[in-house]
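I have placed the structure first, in the form of structure tokens, so that the comments after it can refer back to it.
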Amino acid sequence: MIFFLFIMMFGLSSLQIQSQTIPRNISIFILAGQSNMAGRGGVYNDTAKNITVWDGVIPRECRSNPSILRLTAKLEWEEANEPLHADIDVNKTNGVGPGMPFANRVVNRFGYVGLVPCSIGGTKLSQWQKGEFLYEETVRRAKAAMLASGGGSYEAVLWYQGESDTVDMVDASVYKNRLVQFFSDLRNDLQHPNLPIIQVALATGAGPYLDAVRKAQLETGLENVHCVDAKGLPLEPDGLHLTTSSQVRLGQMMVDAFLAIPNSAELHSGFSVLVLFCLFFL
């Protein structure tokens, strides 16, 4: 059912993008991961109604900005607002993630920032391997973002995923191999062999193999892969997802890591696109 809805939202959407007002020379940031990347900040269980809801609190760091856009499920540009994944992770309640605080920190450097969410909850890294639907869809949307302005360049991948892979020993033991393959394939398909990757080491996990997954994340051995450690950031009561304030802090940490890369802090006049490839907990 989850993949059926995803296909309905993405797979059948037209590649034609409303680009009349989108500047050329896009600088694209690919933001990928699981529920914590897409955002569960401020999401809680309303016991009275027995439903999961978002509290609607938007921190100053996550405010909307006419220069920050996002690509909708229909591949149309609109001003970005929290929650960024409302029309993407349609089976889940979405809240605050690191995308908007990241965008607000870099928007003055790039002029325009675009966010391209592509996230589904509870997906393992095995479902993000080349040839799988989610992988192919994220590549398709990333390329569509490039076409939106008739050109551009990919600047970095922002990646936070792995909580689901802490449940099974086999998934945890092969996580490094799968992660390296995913990064390598993504770079290859986007024709950017040294594309910078800012990844997050897990703050928590859904199973007992958290340390094994974290070790893999911290030791990929790949060139130009930079790790930000989320361990210790405050969690929501569910013990799995980052709080709103933690999401804001994480977005800032990822900006710091990105700006520390040589030449990444150069002022651009183009339009920056944050492509959000985020996976969510079920």
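For reference, each letter of the sequence shown is one residue, going -19 to -1, 1 to 263 in mature numbering (1 follows the signal peptide of the UniProt record, and there is no 0).
Ideal Cβ positions, reconstructed from N, Cα and C, are used throughout, including at glycine.
| Query | Result |
| --- | --- |
| Classify ALA241: buried if its beta carbon has 16 or more other beta carbons within 10 angstroms, exposed otherwise. | exposed |
| Figure out for me which residue from ILE179, LEU65, GLY220 has the closest Cα to the Cα of PRO98. | LEU65 |
| With H, G and I counted as helix, E and B as strand and the rest as coil, what does DSSP make of ALA84? | helix |
| Measure from the alpha carbon of THR119 to the alpha carbon of each residue in GLY14, SER226, ASN31, then state which is nearest. | GLY14 |
| Could you check if VAL49 is buried or exposed, using at least 16 other CB atoms within 10 Å of its CB as the buried criterion? | In the sequence as displayed, the identity of residue 49 is Ile instead of Val. With 16 or more Cβ atoms within 10 Å of its Cβ, ILE49 is classed as buried. |
| How should SER165 be labelled, buried or exposed, when 16 other C-beta atoms within 10 angstroms of its C-beta is the threshold for buried? | exposed |
| If you count every other CB in all the chains shown that lies within 10 Å of the CB of THR147, and 16 or more means buried, which is it? | buried |
| Given a cut-off of 9 angstroms on the beta-carbon distance, is the pair GLY232 and GLY186 in contact? | no |
| How close, in whole Å, do the beta carbons of ALA193 and LYS212 come, if the pair is a contact with beta carbons under 8 angstroms? | Their Cβ separation, rounded to whole angstroms, is 14 angstroms, which puts ALA193 and LYS212 out of contact at 8 angstroms. |
| Expressed to the nearest angstrom, what Euclidean distance is found between the alpha-carbon atoms of ASN46 and ALA153? | 39 angstroms |
| Would you report the Cα separation of LYS111 and GLU117, rounded to the nearest angstrom? | 7 angstroms |
| Is the Cβ-Cβ distance between GLY22 and GLU217 less than 9 angstroms? | yes |
| Just to confirm my understanding: we take LEU263, look at its own chain, exclude 5 residues before and 5 after, and list those with CB closer than 6 angstroms. What are they? | Low confidence applies here, because LEU263 scores a pLDDT of 42, under 50, leaving its location unreliable; read the following figure in that light. So the list reads GLY102, GLY103, once near-sequence residues are dropped. |
| Which of the three DSSP states is assigned to residue 266 in this structure? | Residue coverage of the chain in this structure runs from -19 to 263, which leaves residue 266 outside it and unanswerable. |
| Using only alpha-carbon positions, find the residue among VAL88, GLY95, GLY220, ASN85 that is nearest to ASN17. | GLY220 |
| Would you decide whether GLY80 is buried or exposed? Buried here means 16 or more other CB atoms lie within 10 Å of its CB. | buried |
| Check whether the Cβ atoms of ILE11 and TYR135 lie closer than 9 angstroms to each other. | yes |
| Contact defined as beta carbons within less than 8 angstroms: I believe LEU176 pairs with ALA137. What is the distance between those atoms, to the nearest angstrom? | 7 angstroms |
| Considering only C-alpha positions, which residue in the set GLN198, SER145, ARG122, GLN228 is nearest to GLY188? | SER145 |
| Quick one, which of MET127, HIS207, GLN108, GLN180 has its alpha-carbon nearest ARG159's? | GLN108 |
| Going by the beta-carbon positions, is the gap between ARG44 and ASN85 smaller than 9 angstroms? | yes |
| For the beta strand (DSSP E) holding GLN180, just list the boundary residues, first then last. | 178 to 182 |
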